[in-house]
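**Q** Chains as they are written, first to last, in the UniProt record's numbering: chain A, 1 to 551; chain B, 1 to 551; chain C, 1 to 551.
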């Protein structure tokens, strides 16, 4: 019996020690044991005051192999997703709803009044503000109350002016605005915010903080892809979210891979599903989980030149709302008018950017922070059917997003694709030449098969709405939409990902001489010709067997 | 005895568990345990119907450290190496023979008639073909037989015209060709093929499929280097070959590192040497090993719009010819005229490419697939002695290939070198500054010494024809040709690999002040001067001890 | 008891086998277990004849995670640090002293006479030298003695001329210099050397050899950072130093990670501190440790065309001075005049370089070795207070070095920063957006806190002069200078590293709308306004709590 004990202890040690070692080796650099892929729903959920964050377990072999992590964020009406940044560049696809997103670039100017109001007013405002700040500096805190009052009035007036429209503002002459008005202008000034809506793709570089707010009338749902194996991430392959406010739970704290919290929290081995609204032990400890929390409160207060009470608020102590909070009343800040104007504004910005970039010889970030990030376009809508790059009336349509239509993607080395296949429509069998593809099923269903280098189907599944699956680089894949059609969004881990089709007018087969086909496949030349010319569609293939002459 | 059992079981577990763990850590990112290098012949062989594929075990520490894999492919006369692609960019050196290579870029036009015949004819042809295809679409399959007959006649005629030469074609006026001729033109149309011959280097990007065919009168032998640790490979460090036809064996299935075949094949632990013509168990299982094999036959047939029988042929079921097959009769397809014209054609293409690239600011792939890959030059011959970049009449010559003479190498981040040293000629001791060097011995023999950072010779060997060895980055190396001379080809894992010599006119020693040498090596100033000036050759050093005044 | 034996053997095996496995997994690609950081002094020291080399243990988790290694080199007066190169690009910061550094680029011309004397003289000299070399070739060795004598005289004369100054030289007409003088000019010719002094940063690419010499009147102290996880290093993550002279000890031979020496040296497990002046076992073995040592002596002699005795001297046999040697007398070589002229010279070079680079479209190394490395500027002084990029009269100043002011850093993908904070001055809390920061404390002390993604302080320490600590990418950090002020140098692992501040005029907080702050931190709008506007300084924050109006 003692021997048995020795033996099992031995076993235990071996499996504790070595298997742990093996587990952490599944990084893409080491080994991709892709014997079996699976389309999966998220397997971890964090409940917050005004929404929830669901994550896919990034320790799964397919995620490890592709070097990605993914999450789905649901923000309720009037919910604010607290500012955070990540160690990996990410693409966000807005599955549903409307809202506002603010990305913060330290050192960039707080442009949000100027860009929406007449520049003349903006200039006056700035001078005024400059003056006010000096007064504030000289007169100290006592003036605070009064200023705030002024500002509230100014804000109301400012909003009225906005609604009167831009035309009127431009009509106002240089000196047309009475001096008095300026005293009641709104005071708030901040960096650019961006409207987001269903179909938008937002690109966020590693280390860049962003927040978002649902000001629509339904839930705002977004799917995020983190490219953890990107060159921009110099830490390890674990996705890490750094929150700058609140007392958030770790979204990716799965399977004990991430560091255990320092205080007041036991490791939760094997517990993937977080209990919602669990008693937060941090509260008793008086320690939050955001970046401010780790600083000495006194030192932080000194650095910010505020009192320690405010510093403690930054540190998120006694905050149990988690990372998505409910805003008291409506969130009230300077916002751009929606729609056409915004689009024109962005187009102008983009033109300017491209001119700059041509002068720079295509070198992004070459001229420092100010000339690039501050004016960088971060989003593009690919939900509009008119925007389709590939369209087959009887099969479906595909829209692609790459560095040509969203230049920041060149820097991030990511691209994306959104597709809608009609019932039984077939996505031509193909392989991804230079990227992994991470596919999220927006709506509908499809039969998907993925094939490895040995000719084995490592994925053969009916994928459903809300699931996500990975098609590794170079692996063959075929997809056929189900009865409900198939609507998906695909993240690709290269700036201009492209595919090589195995059927259709641009397929591999078409590129080969007839006799090579005939010999390779042991078929007649007639059959070879059929292989080459029986399909006139390119990527979106209709399912009917009849020949068509559509070119 | 029971104790002994426990003990050995323990040991077993430890070595099974932990050593396996250690083994898979030898990726370049982790550790290079380069205590001993060795020049080796391939240690795995796959016999196919019309040739063989030999591979070097990529799990060896030196290969793992350098992040490369290598194979040698022998194609018999009239043999066709089936189309395949790899997860790693590769360089192919043609050691012997002649043939044709076709690289497939999905979406690129099928240009092979136009580029070899007059453009006027090509245009007419295209229109005709367009018309024929529409007819085909309208009239369906019945016409197939007839078309094929027409086409055969057209092909014969086409070949006659080719032999009449290009000049005559150009003399023919716009309308000079009778309408009747066009009906008998050859029909086949496919992507560019490239003639290959001894001394050619061909660059194939990751994920790009290619096939090759031996139409010469001797065996076609090629050595392939796969740069698996390239950024272009987002999978793991294992080389993977994806075949698009046939029922191939896994060329790199060594030491159980690759995934075992899903069906019908047991793991073959430790069995490096494949039995030739082994009974293929796939045949009984009815499952092939190419990419098509993994798709559902019915779905594949639907996608291709062919019958299921043809789809099954694509899947390579019941095919036991392996990856190199014997062509029935001669492989008959549109081919470019050989020699001077081809060269001129390519040069024109290259000029155009360079102009484009200058306009683009040197950004390859920046403008999408069509403008780059489709017109990209993939090969360059470095076998011609006249082409030598370094030549020493009494020692030997070296030709280099980098992104300047083959621009795609900038994109692939690879370069190459071919050298021929006369008997006793010395390759100056040197180190590779920015690349690993993987050297294949084409002919002859040499004494090679490689030195690590501790001053230890980790390779000291008489290398022979057919062997391959790795000189890791920064390691010192010296080579002296043997009695038969020394002819080699070196793959380098950086686009413009360069070396730093330790002897010769451009050596490290020459760059140092006399007194630094005198003090560092505890020698007199006179000796220091000798170190600097006793060798007037640069890299290829003659072995005689006499001083020479050649500068 | 036997059982106990089995058990402990088991344990032993498990811990030997598996823990070793775990240890080597701490590469950045795998896992960053950064639960605890620490500012540390070097923990390994090698004593040499004229100085010492101290290294930080690169196997520590923080170094492994950041992919860096570091050393501090102290060269005594008249000491020569023998030529070496490394597998990683490095930045060298000169903490103290003056000296000369020579970087060797194989194949670049030996330009050092021309650039320091009048070009007219230089031209004559070159012609003369050419002639002399030919004579040497023709007349062989007998002339050696005589030449050397001439040269010594020439050298003395040359130095006098230098001291007479450059103006005079330029006044001398084309033919003004008597023929006789030219016969007595100094003979030595070598590649460019560069003067180094306190405050200089020198960038050395991977695989590029350099040597340095202390010709000042105090110790020359330098701190080196090696970016081992750089793309330029294709070997593993271990820093490797390849010496080209002497019989050096392995500076980074810690914890048995590096390969044990082949001969005559036992593994020294756990022995971090090297005994100074230990009996060198190599002497008995007759084998050195530099790159030449590993070559066959006869073959080396043949390659260099020198006798075997000289070859043996190159191999460093019987040399026990280690890597820093004392020069006999003064090291006597061609040197540039110091100061203003040098600066002007470099500025001219830089202008030229930038013009070239604009023409090249910003593509470094695109045109081969000759046009880039040979004329590349390698150093820049950031010690001068006037050079500050950020300055706050009551807090301190910061100078940054990136690819804009030292273009080679774009190629190396490194940047740097030097800062001086006055007593109690605060470096604004911030995070590194795109780089790790490796900080060396030059003088003074500071309180430093580093915070991870869970809000835990993983570093909270009073850092002292001579210590080094790592601030990982994206981790929050705050620093407050102690009573003695705080002077530091920070290496950053990205070409244009930038930070995002959490306090100050450009902070994250300032970019957010008031109401977002109010809701996120559960504070009033007034408090939110204070958070945004209470600090007018940007990065260097003064510690006093009073409000200031300085903008």
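Note that beta-carbon positions come from the ideal geometry of N, C-alpha and C, so glycine has one too.
Out of C/384, C/102, C/75, C/39, point me to the one whose CA is closest to residue 190 of chain C's CA.
**A** Residue C/102 is the option with its Cα nearest to residue 190 of chain C.
**Q** Out of B/384, B/290, B/79, point me to the one whose CA is closest to residue 85 of chain B's CA.
**A** Of the candidates B/384, B/290, B/79, the one whose C-alpha sits nearest the C-alpha of residue 85 of chain B is B/290.
**Q** Where does residue 379 of chain C fall in DSSP's three states?
**A** Of the three classes helix, strand and coil, the one that applies to residue 379 of chain C here is strand, per DSSP.
**Q** What are the start and end residues of the beta strand (DSSP E) that includes residue 417 of chain C?
**A** Looking at the DSSP string, the run of the beta strand (DSSP E) that includes residue 417 of chain C is 415-421.
**Q** Bridge partners for residue 431 of chain B per DSSP, in chain order?
**A** Beta-bridge pairing links residue 431 of chain B to B/476, B/500.
**Q** Rounded to whole angstroms, what's the CA-CA distance from residue 300 of chain B to residue 295 of chain A? Just pull it up for me.
**A** Those two C-alpha atoms are separated by around 60 Å.
**Q** State the start and end residues of the unbroken alpha helix (DSSP H) segment that holds residue 317 of chain C.
**A** Segment: none, residue 317 of chain C is in no alpha helix (DSSP H) and carries neither H nor E.
**Q** Just the C-alpha distance for residue 130 of chain A and residue 433 of chain B, rounded to the nearest angstrom, thanks.
**A** Because residue 130 of chain A sits at a pLDDT of 46, beneath the cut-off of 50, its placement in the model cannot be relied upon, and the following sentence gives the value as read from the coordinates. The straight-line gap from Cα to Cα measures roughly 55 Å.
**Q** Assuming the contact rule is C-beta atoms closer than 8 Å, residue 520 of chain C and residue 486 of chain C should be a hit. Round their C-beta distance to whole Å, please.
**A** No, residue 520 of chain C and residue 486 of chain C are not in contact; Cβ-Cβ is about 32 Å, not under 8 Å.
**Q** Since residue 500 of chain B and residue 508 of chain B are thought to touch, with beta carbons under 8 Å apart, how far apart are those beta carbons, to the nearest angstrom?
**A** Going by Cβ atoms, the distance from residue 500 of chain B to residue 508 of chain B rounds to 6 Å, so yes, they are a contact pair.
**Q** Rounded to whole angstroms, what's the CA-CA distance from residue 298 of chain B to residue 321 of chain B? Just pull it up for me.
**A** So the alpha carbons of these two residues sit roughly 25 Å apart.
**Q** Would you please verify whether the beta carbon of residue 259 of chain B is less than 9 Å from any beta carbon of chain A?
**A** Residue placement at residue 259 of chain B is poorly supported in this model, since its pLDDT is 38, which falls under 50; the coordinates are not used for a value here.
**Q** Check each candidate in C/394, C/491, C/106, C/203 and name the one with the smallest Cα separation from residue 437 of chain C.
**A** Residue 437 of chain C has its Cα closest to that of C/491, out of C/394, C/491, C/106, C/203.
**Q** So the alpha helix (DSSP H) residue 241 of chain B belongs to, where does it begin and stop?
**A** Taken as a continuous stretch (DSSP letters only), residue 241 of chain B belongs to no alpha helix (DSSP H), being part of the beta strand (DSSP E) at 241-243.
**Q** Which one of B/388, B/39, B/387 has the shortest CA to CA distance from residue 468 of chain B?
**A** Of B/388, B/39, B/387, the residue nearest in Cα terms is B/39.
**Q** For residue 509 of chain C, which of helix, strand or coil comes out of DSSP?
**A** Of the three classes helix, strand and coil, the one that applies to residue 509 of chain C here is helix, per DSSP.
**Q** Exposed or buried, what is residue 245 of chain B when buried is set at 16 or more other beta-carbons lying within 10 Å of its beta-carbon?
**A** Buried, because 16 or more other Cβ atoms sit within 10 Å of the Cβ of residue 245 of chain B.
**Q** Using 9 Å as the threshold, is the C-beta distance between residue 552 of chain B and residue 94 of chain B below it?
**A** Only positions 1 to 551 of chain B appear in the structure, and residue 552 of chain B is not among them; the question remains open.
**Q** Does any C-beta atom of chain C lie closer than 9 Å to the C-beta of residue 434 of chain B?
**A** So yes, residue 434 of chain B belongs to the interface.
**Q** Rounding to the nearest angstrom, what Cα-Cα distance links residue 422 of chain B and residue 313 of chain B in this structure?
**A** If you take the alpha carbons of residue 422 of chain B and residue 313 of chain B, they lie about 52 Å apart.
**Q** Quick check on residue 538 of chain C - is its C-beta less than 9 Å from some C-beta in chain B?
**A** Chain B contact via Cβ: absent.
**Q** Please classify residue 21 of chain C as buried or exposed, where buried requires at least 16 neighbouring CB atoms within 10 angstroms.
**A** Residue placement at residue 21 of chain C is poorly supported in this model, since its pLDDT is 30, which falls under 50; the coordinates still yield a value, given next. Buried, by the Cβ-count rule.
**Q** Assuming the contact rule is C-beta atoms closer than 8 Å, residue 96 of chain A and residue 234 of chain A should be a hit. Round their C-beta distance to whole Å, please.
**A** In fact, because the Cβ distance is near 34 Å, the residues do not count as touching under 8 Å.
**Q** Could you tell me the alpha carbon to alpha carbon distance between residue 462 of chain A and residue 479 of chain A, rounded to whole angstroms?
**A** Roughly 10 Å between the two C-alpha positions.
**Q** Taking 9 Å as the threshold (beta carbon to beta carbon), is residue 419 of chain B in contact with chain C?
**A** Taking Cβ atoms only, chain C never reaches closer than 9 Å to residue 419 of chain B, which makes this a no.
**Q** I want to see whether chain B comes within less than 9 Å of residue 543 of chain A, judged by CB atoms only; does it?
**A** Output row for residue 543 of chain A: interface = yes.
**Q** Could you have a look at residue 86 of chain A and say whether DSSP puts it in helix, strand or coil?
**A** Residue 86 of chain A falls in the strand class under three-state DSSP.
**Q** Counting Cβ pairs closer than 8 Å, one from the region 221-233 of chain C and one from the region 407-417 of chain C, do we hit at least three?
**A** Enough Cβ pairs lie closer than 8 Å, so yes.
**Q** Throw me the rounded Cβ distance for the residue 605 of chain C and residue 91 of chain C pair, which I believe falls under 8 Å.
**A** The displayed coordinates of chain C run from 1 to 551. Any statement about residue 605 of chain C would go beyond what the structure contains.
**Q** Could you please tell me which residues of the region 372-398 of chain A, in chain order, have their CB closer than 7 Å to any CB of chain B?
**A** Listed in sequence order: no entries.
**Q** For the beta strand (DSSP E) containing residue 450 of chain C, name the first residue and the last one.
**A** Residue 450 of chain C -> beta strand (DSSP E) spans 437-451.
**Q** Please state if the CB of residue 206 of chain A and the CB of residue 474 of chain C are separated by a distance shorter than 9 Å.
**A** It is a contact, given that the beta carbons lie within the stated cut-off.
**Q** Could you give the residue range of the alpha helix (DSSP H) that holds residue 409 of chain B?
**A** Element bounds for residue 409 of chain B: 408-412.
**Q** Please tell me whether residue 227 of chain B has its Cβ less than 9 Å away from any Cβ of chain A.
**A** It does not: the Cβ of residue 227 of chain B has no partner Cβ on chain A nearer than 9 Å.
**Q** For the region 299-311 of chain C, which residues have a beta carbon sitting closer than 9 Å to at least one beta carbon of chain B?
**A** Here the close residues are 299, 300, 301, 302, 303, 304, 305, 306, 307, 309, 310.
**Q** List the residues of chain B whose Cβ lies closer than 8 Å to the Cβ of residue 431 of chain A, in chain order.
**A** Result: 85, 207, 242, 291.
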